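>
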Amino acid sequence: MKYIDEFRDKALARRLAETIAAEAHPGRDYRLMEFCGGHTHAIFRYGVQHLMPPNLRFIHGPGCPVCVLPMARIDHAIALATQHDVTLCTYGDLMRVPASERKSLLKAKAEGADIRMIYSTQDVLRIARENPDRQVVFFAIGFETTTPPTAVALKSARAEGLTNFSVFCNHVLTPSALQTILSTAGPDGVQLDGILGPSHVSTLIGSRPYRFVAEQFGVPVVIAGFEPLDVMQSALMLVRQLNEGRCEVENQYTRAVSEEGNRKAQALIDEVFRIRPEFEWRGLGFLPNSALALADAYADLDAEQRFPVEIAPAKEIKGCECPAILRGVKTPTDCKLFGKPCTPDNPMGSCMVSSEGACAAYWSYGRFRASSAQPQAASRL
Amino acid sequence: MCLAIPARITSIDVAADTAKVALGSVGKEISLALIEDAAVGDYVLIHVGYALNKISEEEAQRTLEMIAEMGLLEEEQELDPEPTSTVAGSGGQR
Ligand code: SF4
C-alpha cells in the first residue's frame, strides 16, 4: 500500500543501518526511548534493534494507552455496566485488560453485562439512536490521537439532543507523561539520551509541545513515523544530534506532522474537554494536568457524574512488573510471570494485552531473548 | 491503539461530512469531521473511523530521498578510522 511499502524497503534499511553503525561513536551510549507502543511494535516486528550497533538501545516508553490505564478505571467501567445496567461500548483493545479479582470487560460480558466492542464513536452514536430506552456509555480511552473522535461524538450527541448517550472519559496527554519520565530520569530512574517522539499523536498536536523536552531537560527529540525506515532514519537523526552536541525537536514524519498540528481538531478538543487537575497512570502514579475530563458545558454527558459507582480499591496482580516496564526501568524478561503464565492468550498485566505493549511485543516476535546483549534472531527486514 | 493508516479518498458525501476510502482493496466509510478541504484522490491518515490529517505526497517523497541520501553518504565513508563491525543483519556481539 502506498505510504507503507516504500517505508519498509529492505535495501534502504540496510544502507541506513550501515550509516548508523558508521556514525555512532563506539565510546558512547545511545539510549533512545521510543515513546509510543507503535514504535515498540515496529522495532520488534522488523527486528530494528538487531540492525543497530550494540551501543544504541531502544528503551520502551509508556505510549500505549491500554497499558497505562490503571486497573481502577477498568473496575469503574465494569461497575458502570453492572451497577447501572448501561450499555457500555468500547474499543476492542480494552476488552481483555485484567481488572481486580481476575475480572475483565470480556468476563463481565460473559456474565451478562451489556458490553459491546465498537470500531468508531459513530457506532456508539448509532447504538444510542437505535436503543432510546437504554443508557449507552462510551468508555473513552487514548492519547491525543483518539481524543478528537470522542469530541466529535459528544458534539453530535449534543446537537441531536441524544439524552441516552454519555462518556466515561479516560483520555490522557502525552507531554505530561514525557515530563514525568524526564523529571525522574537519572541514576535511579531510566537513563535517556534521546527520544523518538509520537507520530500520530503529533499529527494532531504538532511538534511544538515537545520543545520543553529539549529546552528544559536537554534531551533531543525526533518525531518519528511508525514504519521501520521512519524509525531508523529518526534514530540516525538522534545519533547526529548527539554527536554534534545539538539538542532540538526535529520532525522526521513531515508527511503528516507540522509544527502547529491539526487546528480544527484542537479547537474541538478545547471546546468539549477540560484538563483534569490530576489523573492516575499505571506505573507513573498520579500526574498533574495529565488527562482530560468533559468541559462544564458537557458535564451532563459525563458518565462519571451521571452514574456514580462504588468500587473497592483496585487489587493489582502480584509480581506484574508493568509499572516499572512503563517507566523504562525494567524489561519484560525481568518479570517472573513473563511467558509463564502471562502470555497474550492469558494476559496477567496490561502490557501483555495490547499488541503495542512491551510484553506482548517481546512475546509475539520471539525476541525476548535479545533483550539482553545477545541478539539471536536476524532482522526481518 | 494510536495507529492510523494511510488511505485514498475515492468519494465524498459533503452533506454527511463523510468519505469513502480505499484501504488496499477494501472500501470503507470514514468521517471527515476532523479535517478541512479534503478532495477525492487525497491520501489521509485513518484512525477509528476518522480522517486525522492529510498526507503530503511531496513530503513523503522528500523523506524517501533523504533516507536514500543518508544511506549513500555511508559509501563515501569507507575511510572511517573505526569501522563498526555490526552491520545490517549480522546481529553479532563484538
Ligand atoms: S509479563 Fe505479564 S505480568 Fe509480567 S509485567 Fe508483563 S504483563 Fe505484567
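So the sequence lines, in the order shown, correspond to chains A and B. Sequential numbering from 28 applies to the first sequence in the numbering used here. Sequential numbering from 160 applies to the second sequence in the numbering used here. Note that beta-carbon positions come from the ideal geometry of N, C-alpha and C, so glycine has one too. Note that the structure is a prediction, hence the values are computed from the model and not measured.
Are F85/A and P225/A touching if we call contact CB-CB under 8 Å?
No, the pair does not count as a contact, with Cβ atoms beyond the cut-off.
> Bridge partners of A166/B, per DSSP?
According to DSSP, which records beta bridges pairwise, A166/B is partnered with V203/B.
> What first and last residue would you give for the beta strand (DSSP E) that runs through I302/A?
First-last of the beta strand (DSSP E) with I302/A: 300-302.
> Measure the C-alpha to C-alpha separation of L314/A and N289/A and round it to an integer number of angstroms.
Roughly 25 Å between the two C-alpha positions.
> Among R309/A, D323/A, G310/A, A292/A, which one has its Cα closest to the Cα of I9/A?
Outside the displayed range of chain A (28 to 408) lies residue 9/A, so it cannot be described from this structure.
> I need the straight-line Cα distance from R333/A to L189/A, nearest angstrom please.
Between R333/A and L189/A, the C-alpha separation is close to 14 Å.
> What ranges does the beta strand (DSSP E) occupy inside the stretch 31-67 of chain A, keeping only unbroken runs of at least 3 residues that lie completely in it?
Entirely contained in the stretch 31-67 of chain A, the beta strand (DSSP E) runs reaching 3 residues are, in chain order, 57-63.
> Cα separation between E157/A and V276/A?
Near 47 Å, if we compare the C-alpha coordinates of V276/A and E157/A.
> Run down chain A in chain order and give the residues with a C-beta less than 9 Å from the C-beta of G200/B.
Under the 9 Å cutoff, chain A gives no residues; its nearest Cβ is about 12 Å from G200/B.
> Which residue's Cα is closest to the Cα of G90/A: T173/A, G216/A, V246/A?
Nearest option by C-alpha distance: T173/A.
> Rounded to whole angstroms, what is the Cα-Cα separation between S377/A and D196/B?
Distance between the alpha carbons of S377/A and D196/B: 39 Å.
> Expressed to the nearest angstrom, what Euclidean distance is found between the alpha-carbon atoms of G393/A and A294/A?
Those two C-alpha atoms are separated by around 43 Å.
> Between E224/B and chain A, is any beta-carbon pair separated by less than 8 Å?
Taking Cβ atoms only, chain A never reaches closer than 8 Å to E224/B, which makes this a no.
> Of the choices F365/A, T67/A, E254/A, G64/A, whose alpha-carbon is the least far from that of I164/B?
I164/B has its Cα closest to that of E254/A, out of F365/A, T67/A, E254/A, G64/A.
> Quick one: is V179/A near chain B, going by C-beta distance under 8 Å?
Yes, contact with chain B.
> Between the alpha carbons of L121/A and C94/A, how many angstroms are there, rounded?
Taking the straight line from one Cα to the other gives about 10 Å.
> What do you reckon, are the CB atoms on L256/A and R35/A nearer than 8 Å?
Against a cut-off of 8 Å, the Cβ pair of R35/A and L256/A comes out as a contact.
> Exposed or buried, what is N212/B when buried is set at 16 or more other beta-carbons lying within 10 Å of its beta-carbon?
Buried, since its Cβ has 16 or more Cβ neighbours within 10 Å.
> Taking 8 Å as the CB-CB cut-off, is I168/B touching chain A?
It does not; no Cβ of chain A falls within 8 Å.
> Any beta-carbon of chain B closer than 8 Å to the one on I31/A?
Yes, because at least one Cβ of chain B sits closer than 8 Å to the Cβ of I31/A.
> So, helix, strand or coil for D297/A, using DSSP?
Helix, per DSSP.
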